[in-house]
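Residue numbers (mature numbering (1 follows the signal peptide of the UniProt record, and there is no 0)): -23 to -1, 1 to 373.
Single-structure report; data block below.
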Amino acid sequence: MTAGTVWCHFVLLLLLSIASLWAAEISCRNEDGETVDWFLLYKLPKHTEGESAGLGLEYMYMDSLTHAWQLSKYLVNMTQGALGQTLKQLYETYEPKNNSIAYAIYNDEIPHSKSSNWKKGHTKGFLLLDKSQGFWGIHSVPLFPPFLEDGYAYPPSGKPYGQAAICITFKYDQFTEIDQQLLSYNPSIYNCSIPNIFQADLPNLQKLCAGSELPSVTQRHLSKLQSAHGETFLHFAKSHLFVDDIYVAWIAQELKTDLLVESWQHSGHRLPSNCSLQYHVYNINLIGTPLNSTFYSINDHSKWCVSRIYEDQWTCIGDLNRAAEQAWRSGNEHGRNAAQQTETITTIVFLAAHQLAFPFTVKRSEGLEKQEQRGLAGETKKKTQKREQENWRRKL
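And the structure:
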């Protein structure tokens, strides 16, 4: 075989590999690289008590196929994990430029940058799509993902604290609605490409990518989105004009349920539990996992909430904290009402009551009960033992 023939074979193989890349279905990917409708990821803090204590890189994982939390066999900084497998599709777009693919990466804390633009949304995420379908990820990790030219990596600053992420696969028509949601909270985009073929359907995303002047927005915008396999998600997009706590003033009242909220507790102006409106919001202090481990909220940077009443079965994952200074920051939350998903999410909170041995749990339960009696006027003080245990599980 001549050198010219070898070179022709090499070029042919390269072209075929690029063609197969674009022929592949853009989708959230699981731990085996298979397409999934959605997945949830919860990176554990470095400081946990129990069997899962480790490096600060271990994570729990669940998707639309498993419907159950499991400890991943990979670390979050490995390309073989769900985040790595999913974002691999995004990083592979960097070299072979393709005008049929759109993508954007955004974060209020940009890699290689020491400044933060407070005029932009307190929001973190990524999306990749073509005219058929794509995925949208929302997470809580600062400085992530890296720029496309840097390749996939997980920032060392993300190791000490807990972090959460959700990825959802959508058909193309849903991205016109996502385009409006992104406009509402004005993310700080630092890597993007929105070719002209998307301009008619994604005009706001194209302006956000180009840094152009944006149209005016409403205070908030609620959108009902449908995943590629037909599951319904509510998306709450808060602009800077909606100056209030998104959990108390909007999500709890919209869903008509009391909420248990987990968010960053290191702010100097963190908000206490709030019972001022019809539906109440309670801060979570301690989290127990299905992996026989517990950690305090002070060691967690994730942002999520679940229904206080288990039967309501709402779960939300997003990027806004319960802090006074974030009342005027834009941001978002994905909410879903589904028995299977909420059951497994709620398990994180629910299991803490079981995994801490009595009477330690009873003492902690009594402390919480006294604390809530000060804030909940008119709530009955006398409860049966069974009622106390049920409330403990829901209020934690």
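Don't be surprised by glycine CBs; every beta carbon is placed ideally from N, CA and C.
Asked                                                                                                                     : Found
Secondary structure of T63, DSSP reduced to three states                                                                  : helix
Chain-order list of residues whose beta-carbon lies under 7 Å from that of P88 (same chain, five-residue window excluded) : L120, P123, F124
Residue span of the alpha helix (DSSP H) that contains S134, given as start and end                                       : Where S134 is concerned, there is no enclosing alpha helix (DSSP H), given that its DSSP letter is neither H nor E.
Residues of its chain near L17, where Cβ-Cβ distance is below 6 Å and the 5 sequence neighbours each way are ignored      : M39, I143
Stretch-stretch touch, CB-based, cutoff 8 Å, three pairs: the region 287 to 300 with the region 214 to 225                : yes
Y71 - DSSP class collapsed to helix/strand/coil                                                                           : coil
Contacting residues, own chain, Cβ-Cβ under 7 Å from Q57 (five flanking each side not counted)                            : Y51
Limits of the unbroken alpha helix (DSSP H) element including S161                                                        : 152 to 162
Cα-Cα separation between R197 and A130, rounded to whole angstroms                                                        : 33 Å
Residues bridged to G265 (per DSSP)                                                                                       : T271
Cβ-based neighbour list, residue 375, same chain, cut-off 6 Å, excluding 5 preceding and 5 following                      : The chain is shown from -23 up to 373; residue 375 falls before or after that span and cannot be answered.
Where the beta strand (DSSP E) containing E2 begins and where it ends                                                     : Per DSSP, E2 belongs to no beta strand (DSSP E) and is neither H nor E.
H116, buried or exposed, once every other Cβ within 10 Å from all chains shown has been counted against 16                : buried
Endpoints, the beta strand (DSSP E) within which N181 is located                                                          : Looking at the DSSP string, N181 is not in any beta strand (DSSP E); the run it does join, the alpha helix (DSSP H), is 180 to 187.
Minimum C-alpha distance to L160 - residue among I78, I3, Q110, L199                                                      : L199
Helix, strand or coil at Y287 [DSSP, three-state]                                                                         : helix
Unbroken stretches of the beta strand (DSSP E), 3 residues or longer, contained in the region 211 to 265                  : 236 to 239, 258 to 260, 263 to 265
Inter-residue spacing [alpha-carbon to alpha-carbon] between V238 and A300                                                : 12 Å
Buried or exposed by the 16-neighbour rule on C-beta atoms within 10 Å, applied to F175                                   : buried
Presumed contact (8 Å Cβ cut-off) between Q158 and A214, rounded CB distance                                              : 4 Å
Distance, E208 Cα to G10 Cα                                                                                               : 21 Å
Between the CA atoms of K74 and E231 - distance to the nearest angstrom                                                   : 43 Å
Option in S204, Q203, N163 with minimal Cα separation from L191                                                           : N163
Nearest-angstrom Cα separation, counted from N173 out to L182                                                             : 11 Å
Cβ shell of T25 (< 6 Å), same chain only, five flanking positions each side left out                                      : S270, F272
Under 8 Å between C-beta atoms of Y80 and L64                                                                             : no
Contact under 8 Å by Cβ, H278 with Q140                                                                                   : yes
Local Cβ density within 10 Å of E8, reported as buried at 16 or more and exposed below that                               : buried
P22 beta carbon less than 8 Å from that of P180                                                                           : no
Endpoints, the beta strand (DSSP E) within which W15 is located                                                           : 15 to 20
Exposure of A59, with buried meaning 16 or more beta-carbon neighbours within 10 Å                                        : buried
DSSP beta-bridge partners of N168                                                                                         : I82
Where I174 falls: helix, strand or coil (DSSP)                                                                            : helix
Cβ distance (whole Å) where E206 is taken to contact D85 below 8 Å                                                        : The displayed chain sequence assigns His, not Glu, to residue 206. The pair is not a contact, with the Cβ atoms about 31 Å apart (cut-off 8 Å).
Limits of the unbroken beta strand (DSSP E) element including G102                                                        : 101 to 106
Inter-residue CB distance, Y256 and S165 (contact presumed, cutoff 8 Å)                                                   : Incorrect: roughly 32 Å between the Cβ atoms, too far for contact.
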